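Novice: Just passing along the structure, written as structure tokens.
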Amino acid sequence: MPLMQQHLQDVMKETNFDQRMREIFAEEEKPPSKPK
Amino acid sequence: MRKISFLFLAAALTFPALAQQTTPKTTAAPQTSSTAAKPAPADAASKDQLMKLFDVLGINKQIQSVVDSMAKTMQQMMPATQQMSEKQKEEISKLQGELFSKMMSPEFIHTYLELMVPVYQHHFTRTDVDQMITFYSSPVGQKFVNEQPLITQETFLRSCR
Chain A
10 MPLMQQHLQD
20 VMKETNFDQR
30 MREIFAEEEK
40 PPSKPK
Chain B
8 MRKISFLFLA
18 AALTFPALAQ
28 QTTPKTTAAP
38 QTSSTAAKPA
48 PADAASKDQL
58 MKLFDVLGIN
68 KQIQSVVDSM
78 AKTMQQMMPA
88 TQQMSEKQKE
98 EISKLQGELF
108 SKMMSPEFIH
118 TYLELMVPVY
128 QHHFTRTDVD
138 QMITFYSSPV
148 GQKFVNEQPL
158 ITQETFLRSC
168 R
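Protein sequences, first through last, are from chains A and B. Using our numbering, you'd call the opening residue of the first sequence number 10 and step up by one each time. Using our numbering, you'd call the opening residue of the second sequence number 8 and step up by one each time.
Below, the structure is given as structure tokens:
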């Protein structure tokens, strides 16, 4: 299991996974604008 | 986003457990997990024999089948967890494909198979492995090998319902 976990972490880093996921959902995660 | 990241992780970490379904059943006495660290018995199967066994077992294809199942399941689960636009779905699908193809690279599969060698050496003798190679190379053995990915896939999808 540590081998797989380490490999997964390496691949996620290599594919820039977190950053790309953040970008894909960037619109969705924008805070709602305050009502005027 | 966290939910989807979790899905990737959960599916990926499921792989070793699923891959173990592909290992053949044996009549040999069960060993403890710590035996892998001890030297192989004198009559243990050779690495070449085991690589031949893994080859006739089609382990590469079985691993790929598990990965495909995970990818399909994740695609089915995602719209249920988040309302995504078509563009998001397309980008997720692309990222998922990239992630899995890198995860299951030939280099990694080779590393994984090499890891399996000492474990198999503690469970199977040369004679055992020769007999398994003979069986799994036979028409019915190959039928079993060829049907197994579909059986694993169908079982995995049923378990996710």
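All residues carry an ideal CB built from backbone N, CA and C; glycine is no exception. As the structure is a computational prediction, the values presented were derived from the model and not from experiment.
For B/Val136 versus B/Gln69, is the C-beta spacing smaller than 8 Å?
Specialist: No. Outside cutoff.
Novice: So the alpha helix (DSSP H) B/Ser100 belongs to, where does it begin and stop?
Specialist: Counting along the chain, the alpha helix (DSSP H) containing B/Ser100 begins and ends at 93-110.
Novice: Since I believe A/Thr24 is in contact with B/Glu105 (beta carbons under 8 Å), could you give me their beta-carbon distance rounded to a whole number of angstroms?
Specialist: Indeed they touch by this definition, with Cβ atoms about 5 Å apart.
Novice: Spatial neighbours of B/Leu60 within its chain, please: CB distance less than 8 Å, with the 5 preceding and 5 following residues excluded, ordered by chain position.
Specialist: Once the five neighbours on either side are set aside, the close Cβ partners of B/Leu60 are Ala52, Tyr127, Val136, Met139, Ile140, Tyr143.
Novice: Go through its chain and collect everything with a Cβ distance to B/Ile158's Cβ below 7 Å, but skip five positions before and after it.
Specialist: For B/Ile158, where only same-chain residues beyond five positions count, there are no Cβ hits under 7 Å.
Novice: Run through chain A and tell me which residues come within less than 8 Å of B/Leu102, C-beta to C-beta.
Specialist: Here the neighbours are Thr24, Phe26, Arg29, Met30, Ile33.
Novice: With 8 Å as the threshold, decide whether the Cβ of B/Phe61 is near any Cβ in chain A.
Specialist: Output row for B/Phe61: interface = no.
Novice: Give the DSSP-derived three-state secondary structure of B/Thr134 in the structure shown.
Specialist: The answer is helix: DSSP assigns B/Thr134 an H, G or I state.
Novice: Taking DSSP's pairing of strands, which residues face B/Ala52 in a bridge?
Specialist: For B/Ala52, which the question treats as bridged, DSSP gives no partner whatsoever.
Novice: Could you tell me if A/Pro11 is buried or exposed, where buried requires 16 or more neighbouring beta carbons within 10 angstroms of its beta carbon?
Specialist: Result: exposed.
Novice: Going along chain A in order, which residues have a C-beta closer than 7 Å to the C-beta of B/Ile99?
Specialist: What B/Ile99 touches in chain A: Ile33.
Novice: For B/Leu102 versus A/Phe34, is the C-beta spacing smaller than 8 Å?
Specialist: No. Outside cutoff.
Novice: Using a cut-off of 9 Å between C-beta atoms, extract the partners of B/Phe151 located in chain A.
Specialist: Residues of chain A passing the Cβ test: none, with the nearest at roughly 26 Å.
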